[in-house]
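Structure, as structure tokens:
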Amino acid sequence: MILLTHAHNDHVGDTVEIAKRTGAAVISTFELGEWISDQGVEGAIPANHGGTVAFTGGTVKFVPAWHTSSYNHNGQVVAPGVPAGLIVRVGGRTIYFAGDTCLFGDMRLIGDEGLDLAVLPIGDHFTMGPSDAVRAAEFLNVPAVVPCHYNTFPAIKQDPHAFGRLLEERTSARAIILEPGSGHDL
Amino acid sequence: MILLTHAHNDHVGDTVEIAKRTGAAVISTFELGEWISDQGVEGAIPANHGGTVAFTGGTVKFVPAWHTSSYNHNGQVVAPGVPAGLIVRVGGRTIYFAGDTCLFGDMRLIGDEGLDLAVLPIGDHFTMGPSDAVRAAEFLNVPAVVPCHYNTFPAIKQDPHAFGRLLEERTSARAIILEPGSGHDL
Amino acid sequence: MILLTHAHNDHVGDTVEIAKRTGAAVISTFELGEWISDQGVEGAIPANHGGTVAFTGGTVKFVPAWHTSSYNHNGQVVAPGVPAGLIVRVGGRTIYFAGDTCLFGDMRLIGDEGLDLAVLPIGDHFTMGPSDAVRAAEFLNVPAVVPCHYNTFPAIKQDPHAFGRLLEERTSARAIILEPGSGHDL
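Residue numbers (the working numbering), protein chains in the order written: chain P, 1 to 186; chain Y, 1001 to 1186; chain X, 2001 to 2186.
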């Protein structure tokens, strides 16, 4: 299953090629899903904010995110839309992928869904930075946070361990810092 | 008068043809209104969130909605934008058309406008489903709800009577379930 | 420095020409910044909601705004996105430019940033009108408000002095009404 929060090229990546090769379903917001379908992906499932979509073994619910969302395809802007966050329920766990977003008050409504883990951007510049991400963890009332969207290019350079210390000082959540290629058993 | 919440083809429908034939004004968000005007509709009135537009006998105010909004015109994406909800004041009544949206906390601000009726999507998948729509009715502090955006295609199959029972159990609002072609005297 | 809230033509104005002539940096949301860069502006800095960008002498943070955002370039819609508000910190002062927006509850989070001044639209039709702008000032907990986005075309005709009286009656903020070409020492 490939779950997409928004249409930016650094998030869509090789979705089309991987979905064609593997037959994975691709679940995304509406315009992005239509565009992925137009590229010949048979398992594209367009949905939108507030909707819950079932996949083998779990579900994903689309929630708000404050960012932009469009895809640059050979110099043409396609798939314009509004980005989303994702609440994924799988294996008895509930995980919130914030996608790219700033802090927003309705993270409290997302917290009402009963989260086990939140994956939050901390890179600043294109998303919230570390201190707003700590406040997000409070709004979400979540026991554990994986920071993401940092250190992949210079504008979003951050120290995830400094974020982790700030998170654990100010909230009851613990930080889980993952290295590329590593994992965590929830 | 034709009032549009967003640019998706299943909501715009035959707006251009009907407006040309009848001379009806078309009130919508900005990019959509510009596009409708470009199609030769003389009464297109583009507006945007927070704005109130007067029409013969009433007014409509544009409020937020969480969804996407673009129009597919002969395979080209046009009129990209941000969707809206509508607060319509007519005949001494105030009616909120949520458009396509998920639940959001600022429905409380919409409730502050003093609603007589809310028309809320319950279909899930592309919008909120029944249980979030019940919570929306609480946020809106509204005495009556008409469910909409369900059973028109398989992904949004719902039982509106089950929604109505849930609404009346959990809130003081009553459900008004309309059949296509039927009406209700408010 | 040129700071842009959204891609509408009446806000982008002569940005490209001025930036090329002066070498000013242009800080904006992502798609708009990419488009400005494509027009040959060397100092375009695309960012997005939640991000803070430093410039000579200050910083700007991107916050939410409810409106639409796209640019009409020779009849083609380009740079589709989501609009922003801006929190500008410069010379020891913190100023919130709401951009074009309706009232929203997360203006309380913007108020948490500690504002000295808010520049708020009052024109109605495309943005909030005077009474929602007064409520915005309450949410923002701001000591002074400059009204904007009015009287530049007929649909947004307003009396800024009537707004100022309403603001000062209902809140502890004072109104600062500027004439084109005039200034205010903060």
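In this text, a Cβ means the ideal position worked out from N, Cα and C, and glycines have one as well. Values in this document were obtained by computation on a predicted structure and should not be read as measured data.
CB-CB under 8 Å to residue i, same chain, minus the five flanking residues each way: which ones, in chain order?
i: residue 1176 (chain Y); result: 1117, 1144, 1145, 1146 and 1184
i: residue 129 (chain P); result: 122, 123 and 158
i: residue 2051 (chain X); result: 2061 and 2062
i: residue 100 (chain P); result: 5, 6, 8, 11, 65, 67, 83, 121, 126, 127 and 149
i: residue 2014 (chain X); result: none
i: residue 1951 (chain X); result: The displayed coordinates of chain X run from 2001 to 2186. Any statement about residue 1951 (chain X) would go beyond what the structure contains.
i: residue 2111 (chain X); result: 2139, 2140, 2141 and 2142
i: residue 1189 (chain Y); result: Here chain Y covers residues 1001 to 1186 and nothing more, so residue 1189 (chain Y) does not appear.
i: residue 2168 (chain X); result: 2174 and 2175
Just to confirm my understanding: we take residue i, look at its own chain, exclude 5 residues before and 5 after, and list those with CB closer than 6 Å. What are they?
i: residue 1155 (chain Y); result: 1125
i: residue 2095 (chain X); result: 2088 and 2117
i: residue 1149 (chain Y); result: 1121, 1123 and 1127
i: residue 2119 (chain X); result: 2097, 2146 and 2148
i: residue 2093 (chain X); result: 2116 and 2186
i: residue 160 (chain P); result: 147 and 177
i: residue 2171 (chain X); result: 2137 and 2138
i: residue 1037 (chain Y); result: 1044
i: residue 35 (chain P); result: 78 and 79
i: residue 2179 (chain X); result: none
Tell me the DSSP bridge mates of residue i?
i: residue 2148 (chain X); result: X:2121
i: residue 1002 (chain Y); result: Y:1026
i: residue 2174 (chain X); result: X:2144
i: residue 2069 (chain X); result: X:2081
i: residue 2045 (chain X); result: X:2027
i: residue 2094 (chain X); result: X:2089
i: residue 2063 (chain X); result: X:2085
i: residue 133 (chain P); result: Note: residue 133 (chain P) sits in no beta bridge, so no partner.
i: residue 2052 (chain X); result: X:2061
i: residue 2076 (chain X); result: X:2073
Could you tell me if residue i is buried or exposed, where buried requires 16 or more neighbouring beta carbons within 10 angstroms of its beta carbon?
i: residue 1054 (chain Y); result: exposed
i: residue 2182 (chain X); result: exposed
i: residue 153 (chain P); result: exposed
i: residue 1067 (chain Y); result: buried
i: residue 2040 (chain X); result: exposed
i: residue 164 (chain P); result: buried
i: residue 1065 (chain Y); result: buried
i: residue 2028 (chain X); result: buried
i: residue 56 (chain P); result: exposed
i: residue 173 (chain P); result: buried
So, using beta-carbon positions, are residue i and residue j closer together than 7 Å?
i: residue 2046 (chain X); j: residue 2030 (chain X); result: yes
i: residue 2070 (chain X); j: residue 2137 (chain X); result: no
i: residue 2086 (chain X); j: residue 2107 (chain X); result: no
i: residue 90 (chain P); j: residue 43 (chain P); result: no
i: residue 1080 (chain Y); j: residue 80 (chain P); result: yes
i: residue 142 (chain P); j: residue 166 (chain P); result: no
i: residue 1033 (chain Y); j: residue 2105 (chain X); result: no
i: residue 1109 (chain Y); j: residue 1132 (chain Y); result: no
Grab me the residues of residue i's own chain with a C-beta within less than 7 Å of its C-beta, minus the 5 sequence neighbours each way, in chain order.
i: residue 11 (chain P); result: 4 and 5
i: residue 2114 (chain X); result: 2094
i: residue 1049 (chain Y); result: 1062, 1063, 1064 and 1084
i: residue 1151 (chain Y); result: 1157 and 1158
Below 9 Å on C-beta distance, what does residue i contact in chain C?
i: residue 78 (chain P); result: The structure shown contains no chain C; its protein chains are P, Y and X.
*With a cut-off of 8 Å, do at least 3 Cβ pairs link the region 1018-1025 of chain Y to the region 2075-2093 of chain X?*
They do not touch, by the three-pair rule.
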